[in-house]
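Q: The opening residue of the sequence shown carries number 1 in the working numbering; numbering runs sequentially from there. The beta-carbon is built from N, C-alpha and C at its ideal position, and this holds for glycine as well. So that we are looking at the same thing, I have put the structure below in structure tokens.
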Amino acid sequence: MKTDYRTKNCRAKWDNSADTCLPLRGQKPRAWRLVLFGAPGVGKGTQAEFLKQRLDICHLSTGDLFRAAASQNGSSQSPAMAEAMGYMRRGELVPDSTVWQMVRERGDCLQCAAGFLLDGFPRTVPQAEQLQAYMEGEGLALDGVLDYEIPMAEIIARLSGRRVCEKCKAVFHITWRPSSTEGICDDCGGRLYQREDDQPKSIVTRLEVYRHSTAPLVEYYKEQGLLLSLDATGSPEDIFARTMHSLQARSESLSKQPAGERV
Ligand code: AP5
1 MKTDYRTKNC
11 RAKWDNSADT
21 CLPLRGQKPR
31 AWRLVLFGAP
41 GVGKGTQAEF
51 LKQRLDICHL
61 STGDLFRAAA
71 SQNGSSQSPA
81 MAEAMGYMRR
91 GELVPDSTVW
101 QMVRERGDCL
111 QCAAGFLLDG
121 FPRTVPQAEQ
131 LQAYMEGEGL
141 ALDGVLDYEI
151 PMAEIIARLS
161 GRRVCEKCKA
171 VFHITWRPSS
181 TEGICDDCGG
191 RLYQREDDQP
201 KSIVTRLEVY
211 RHSTAPLVEY
221 YKEQGLLLSL
231 DATGSPEDIF
241 ARTMHSLQAR
251 SESLSKQPAG
261 ERV
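Structure (structure tokens):
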């Protein structure tokens, strides 16, 4: 039987729904510290759902944080957050300083003994440098950066057909993962909606922004020996199998590194 090291309360600190997450109940074989990387719509959130179950780690998405802030009423939003919402709606990147402030406020999540799965962060070289400096200061290191790759045409099809549950945030696709009743979430009965930044104009901007500002991180992480490149075509289950295969190889290579070479 699979050991349940954590409780269901993972991410409680990240999304501010509780002061603390519940403690680990045992020693994990490896507390993975991973970054999910790839163009908008490549399927990072979909893979995160599989990975968090299999590896018992927290899924920490900066996009989810901003969307949660956007759903608060205007008066409880800080001026920086209200400004960030404008960038997001247009498909542009939120300024590095605002993003880092939000991540830094949740530093405990990066130190979680269970490990983490960062999704949507870092997205620029300065963000990656901030993360690296922070982790080094805390005596931590990333174990790998999962870089998902698919052709541009498929990205556009994935994004324009995506529908999200407004209640439980489950993700569907009108063609590849349709809900049983159109517009209604299979998991909780909530209403499905199309994200504002999944409109054609925002998609074009997001892909352009990815090419200019985020893609350079591929070289950054390759040079550090952290990049794990993955073909993201095929079914979500196939991609997950490839991901686990890559992590298995990574785990074996990390175990062979002499003590002291990594923190
Ligand atoms: P964020 O929420 O991070 O969006 P993103 O990176 O654009 O990624 P997506 O959530 O759109 O796609 P995904 O790769 O998770 O794909 P999914 O699994 O849903 O960021 C949104 C915005 O917030 C940014 O534009 C920016 O403004 C701001 N932001 C966030 N972080 C920031 C940062 N660090 N710095 C600055 N700004 C920041 O899949 C997509 C669809 O495809 C779904 O419908 C799914 O069902 C379907 N699908 C998935 N896999 C498959 C498959 N194998 N086959 C067929 N369909 C599939």
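Leaving out five residues before and five after arginine 106 in sequence, what residues of the same chain have Cβ atoms less than 6 Å from its Cβ?
A: Result list for arginine 106: Trp14, in chain order.
Q: Which of helix, strand or coil does DSSP assign to valine 94?
A: Coil, per DSSP.
Q: Grab the span of the alpha helix (DSSP H) containing lysine 51 for me, first residue to last.
A: Inspection of the sequence shows that residue 51 is occupied by leucine rather than by lysine. That run of the alpha helix (DSSP H) goes 44-55.
Q: Secondary structure at leucine 140, three-state DSSP: helix, strand or coil?
A: Note: leucine 140 maps to coil in three-state DSSP.
Q: Taking 8 Å as the cut-off, does the CB of glycine 63 come closer than this to any heavy atom belonging to the ligand AP5?
A: Yes; taking the cut-off as 8 Å, the Cβ of glycine 63 has a heavy atom of the ligand AP5 nearer than that.
Q: For the segment 85-96 against the segment 154-170, do three or more pairs of beta-carbon atoms, one drawn from each stretch, fall closer than 8 Å, so that the two count as touching?
A: Result no; under three Cβ-Cβ pairs closer than 8 Å.
Q: Determine whether the beta carbon atoms of isoleucine 150 and alanine 39 lie at a separation below 9 Å.
A: Yes, Cβ-Cβ distance for isoleucine 150 and alanine 39 is below 9 Å.
Q: Can you look up threonine 7 in the DSSP assignment and give me helix, strand or coil?
A: Caution is warranted here: a pLDDT of 44 is assigned to threonine 7, below 50, making its placement in the model unreliable, and no coordinate value can be reported.
Q: Taking the alpha-carbon of lysine 28 as reference, which of Ala114, Asp108, Thr124, Gln53 has the nearest alpha-carbon?
A: Closest by alpha carbon: Ala114.
Q: Quick check: is any heavy atom of the ligand AP5 less than 8 Å from the C-beta of threonine 181?
A: No, the Cβ of threonine 181 stays beyond 8 Å of every heavy atom of the ligand AP5.
Q: Looking at valine 218 and the ligand AP5, is the gap between the Cβ and the nearest heavy atom below 8 Å?
A: Valine 218: no, Cβ never under 8 Å from the ligand AP5.
Q: Roughly how many whole angstroms lie between the Cα atoms of cysteine 112 and aspartate 186?
A: The alpha-carbon atoms of cysteine 112 and aspartate 186 are separated by roughly 32 Å.
Q: Assuming leucine 146 and leucine 230 make a contact with CB atoms under 8 Å, what is their CB distance in whole Å?
A: Correct: roughly 6 Å between the Cβ atoms.
Q: Let's test the definition: count the other Cβ atoms within 10 Å of the Cβ of tyrosine 193 and tell me whether it reaches 16, buried, or not, exposed.
A: Tyrosine 193 comes out exposed.
Q: The beta strand (DSSP E) spanning serine 179 covers which residue range?
A: Per DSSP, serine 179 belongs to no beta strand (DSSP E) and is neither H nor E.
Q: With respect to the alpha helix (DSSP H) encompassing serine 71, which residues constitute its N-terminal and C-terminal limits?
A: Unbroken run through serine 71: none, as it is neither H nor E.
Q: Taking one C-beta from the segment 133-140 and one from the segment 203-222 each time, how about it: are there three or more such pairs within less than 8 Å?
A: Judged by Cβ distances under 8 Å, the segment 133-140 makes no contact with the segment 203-222, as fewer than three pairs qualify.
Q: In terms of alpha-carbon separation, which member of Leu228, Pro126, Ser180 lies closest to serine 251?
A: Out of Leu228, Pro126, Ser180, Leu228 has the C-alpha closest to the C-alpha of serine 251.
Q: Please classify alanine 249 as buried or exposed, where buried requires at least 16 other C-beta atoms within 10 Å of its C-beta.
A: Exposed, by the Cβ-count rule.
Q: Whose C-alpha, out of Ser78, Gly86, Val171, is nearest the C-alpha of methionine 102?
A: For the residues Ser78, Gly86, Val171, the minimum Cα distance to methionine 102 belongs to Ser78.
Q: Does the ligand AP5 have even one heavy atom less than 8 Å from the beta-carbon of lysine 52?
A: Not under cutoff, so the answer is no.
Q: How far does the beta strand (DSSP E) with aspartate 119 in it reach, from first residue to last?
A: Where aspartate 119 is concerned, the enclosing beta strand (DSSP E) stretches over 116-119.
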